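At position 240 of the sequence shown the residue is numbered 243 (our numbering), and the sequence of numbers has no breaks. Built from N, CA and C at the ideal position, the CB exists for glycine as well. As the structure is a prediction and not an experimental result, all values here were calculated from the model.
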Amino acid sequence: MMARSAEIVGVGSCLPEKRLTNADLEKMVNTSDEWILTRTGISERRIVAQGEATSDLAVRACESAISDAGIEPGDIDLLVVATSTPDMLLPSTACLVQAHLGLTCPAFDMNAACTGFIYGLHTASSAIEAGRADVVLLVGADTLTRVVDFKDRRTCVLFGDGAGAAVLRASENPGVRSIVLGADGKGNSMLKIPAGGSAMPASPETVQTRLHFIQMNGNEVFKFAVRAIPRATRAALAASEIDVSELAWLVPHQANQRILDTIADRLHVPHERVFSNLATTGNTSAASIPLAIDDLYTSGRLAPGNLLALVGFGAGVTWGAAIVEWTKATPGKEA
Ligand code: ACO
């Protein structure tokens, strides 16, 4: 009997309409287009409108992925929403998305910050491989601009909003070949939102002292990312017995162009095979990897048999790498 594997059969994405350019940020904090571009590679990012929340972006990405997969909502056995910016603390964003989509399957949120999509891929593919689900809908969705301090130039220039979804289905094709995950909670203070949870409930003081916004030690995150990601990628490649030269694309979490370049150099991957769209999206957290996959797919840059390394890192600290064999036909070249 052939091994049961999880194959990506549908993808979709959603970016909010509104653009926030570096020029806009120049009017808000003491920064410059030149500083942001040279230190991060970001020119603009998309931000949610008033009244728009993480679940709204997730629903739109999921609808596209369901339609791309050619399945019915009733076919879905499990919904996983990777997010660190839920609509609210209770209920889960997954339940809100589930209701919008008219699903009846189990649904839950997963928080591994910017590594959320890779953690979610682990859960989704494990459920499929174990025979507990045939079809899983996985969406990475975040609205970090809702929790960024637009008075803090060290963080507010980095983040954008978005959602990216994938439908995974049981298959005899290889699909998700290997996944390596990691976490090191000792690094928990590198990137955090101190207030609003059970440790520090909201109070007038927490609001006044701006403790509901992201606090980040950018240098520490940078050093962690360029150490952890090449190591995880090598481990995932070894687990699926693939040489780095066989990769069609390295798809890293889109945090900073200098991090992407350093990772590529350390792994000896030519820069033209390292996906980058952060110039126009910024860091969209759990959405960044599925947005990248959707971008590659819809622009005709993926063909059946292509091997992808999806690699992420984020708060926690967490990291992960997955080797995925692409099996969908290139748009316009369907049989
Ligand atoms: N505009 C102008 N000057 C700035 C800005 C800004 N937007 N931000 C910082 N500076 C200043 C600093 O104040 C500092 O000035 P000083 O020397 O007078 O103190 C100077 O620029 C250098 O600051 P550094 O922090 O050393 O700058 P660096 O080159 O490290 O770049 C950055 C900072 C872009 C944040 C970088 O460290 C980085 O990208 N780190 C990784 C961040 C990341 O990926 N976070 C997301 C993780 S994923 C998740 O889970 C959400």
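Review point. Skipping 5 residues on each side, what residues in its chain have a beta carbon closer than 8 Å to that of F153?
Key: As a first step, residue 153 is located in the sequence shown; it is residue number 150 there, counting from the start. Only M31, V32 and C159 meet the Cβ criterion.
Check your understanding: Closer than 7 Å: is that where the CB of R156 sits relative to any heavy atom of the ligand ACO?
Key -> Translated into positions along the sequence shown, residue 156 becomes position 153. In this structure, R156 has its beta carbon less than 7 Å from a heavy atom of the ligand ACO.
Check your understanding: Hey, is the region 57-71 in contact with the region 138-154, meaning 3+ C-beta pairs nearer than 8 Å?
Key -> Result yes; three or more Cβ-Cβ pairs closer than 8 Å.
Check your understanding: Exposed or buried, what is S302 when buried is set at 16 or more other beta-carbons lying within 10 Å of its beta-carbon?
Key -> Position 299 of the sequence shown, counting from 1, holds the residue named residue 302. Counting C-beta atoms within 10 angstroms of its own C-beta, S302 has fewer than 16 neighbours from the protein chains shown and is therefore classed as exposed.
**Study point:** Where the beta strand (DSSP E) containing D78 begins and where it ends
**Key:** Numbered from its first residue, the sequence shown carries residue 78 at position 75. No residue range can be given for D78, since it is assigned to no beta strand (DSSP E) and is classified by DSSP as neither H nor E.
Practice item. Would you mind stating whether V139 and D80 have Cβ atoms separated by less than 8 Å? Key: As a working note, residue 139 is residue 136 in the sequence shown. As a working note, residue 80 is residue 77 in the sequence shown. For V139 and D80, yes; Cβs fall inside 8 Å.
Practice item. Check whether the Cβ atoms of V14 and D187 lie closer than 8 Å to each other. Key: Position 11 of the sequence shown holds residue 14. Position 184 of the sequence shown holds residue 187. Going by C-beta atoms, V14 is not nearer than 8 Å to D187.
Review point. Where F316 and S192 are concerned, what is the direct C-alpha to C-alpha distance, given to the nearest angstrom?
Key: As a working note, residue 316 is residue 313 in the sequence shown. As a working note, residue 192 is residue 189 in the sequence shown. The C-alpha of F316 lies about 15 Å from the C-alpha of S192.
Point to revise | A239 at chain C interface by Cβ criterion, 8 Å | key: Looking for chain C here will not work: only one protein chain is present.
Practice item. Tell me P255's beta-bridge partners as DSSP assigns them. Key: Working through the sequence shown from its first residue, we reach residue 255 at position 252. V314.
Review point. Is it right to say S16 is buried, meaning 16 or more other beta carbons lie within 10 angstroms of its own, or is it exposed?
Key: Along the sequence shown, read from residue 1 onward, the residue named residue 16 stands at position 13. Buried is the call here.
Review point. Which two residues bound the contiguous alpha helix (DSSP H) that contains S8?
Key: Residue 8 sits at position 5 when you count from the first residue of the sequence shown. Counting along the chain, S8 falls outside any alpha helix (DSSP H), though it belongs to the beta strand (DSSP E) covering S8 to C17.
Exercise for review: Compute the distance between the beta-carbons of S128 and A295, then report whether it is under 8 Å.
Suggested key: Reading the sequence shown from its first residue, position 125 is the one you call residue 128. Reading the sequence shown from its first residue, position 292 is the one you call residue 295. No; because the gap between Cβ atoms is not below 8 Å, this pair is not in contact.
Practice item. Give the single residue among L184, V12 and A6 whose Cα lies nearest to the Cα of V345. Key: This structure leaves residue 345 out entirely; the chain is present only between 4 and 338.
Exercise for review: Mark H271 as exposed unless 16 or more other C-beta atoms lie within 10 angstroms of its C-beta, in which case mark it buried.
Suggested key: Within the sequence shown, the letter at position 268 stands for residue 271. Taking all protein chains shown into account, H271 has fewer than 16 neighbouring C-beta atoms within 10 Å of its C-beta and is therefore exposed.
**Study point:** Where W329 falls: helix, strand or coil (DSSP)
**Key:** The sequence position of residue 329 within the sequence shown is 326, counting from 1. If DSSP states are grouped into helix, strand and coil, W329 belongs with coil.
**Study point:** Which listed residue (I266, S291, L250 and A267) has its alpha carbon closest to that of L305
**Key:** Within the sequence shown, the letter at position 302 stands for residue 305. Out of I266, S291, L250 and A267, L250 has the C-alpha closest to the C-alpha of L305.
Check your understanding: Should S288 be counted as a contact of the ligand ACO given a C-beta to heavy atom distance under 7 Å?
Key -> Counted from its first residue, the sequence shown places residue 288 at position 285. Flag set: Cβ of S288 near the ligand ACO.
Point to revise | Whether L124 touches I182 by CB criterion (8 Å) | key: Reading the sequence shown from its first residue, position 121 is the one you call residue 124. Reading the sequence shown from its first residue, position 179 is the one you call residue 182. It is a contact, given that the beta carbons lie within the stated cut-off.
Check your understanding: Per DSSP, which one or two residues make a beta bridge with I182?
Key -> On the sequence shown, residue 182 is found 179 positions in, with the first residue counted as 1. Under DSSP, I182 takes part in a beta bridge, and its partners are A325.
Exercise for review: Decide yes or no for the touch test of the region 29-49 against the region 99-111: beta carbon pairs closer than 8 Å, at least 3 of them.
Suggested key: No contact exists between the region 29-49 and the region 99-111.
Exercise for review: Could you give the DSSP three-state label for N220: helix, strand or coil?
Suggested key: By one-based count along the sequence shown, residue 220 stands at place 217. The three-state secondary structure of N220, taken from DSSP, is coil.
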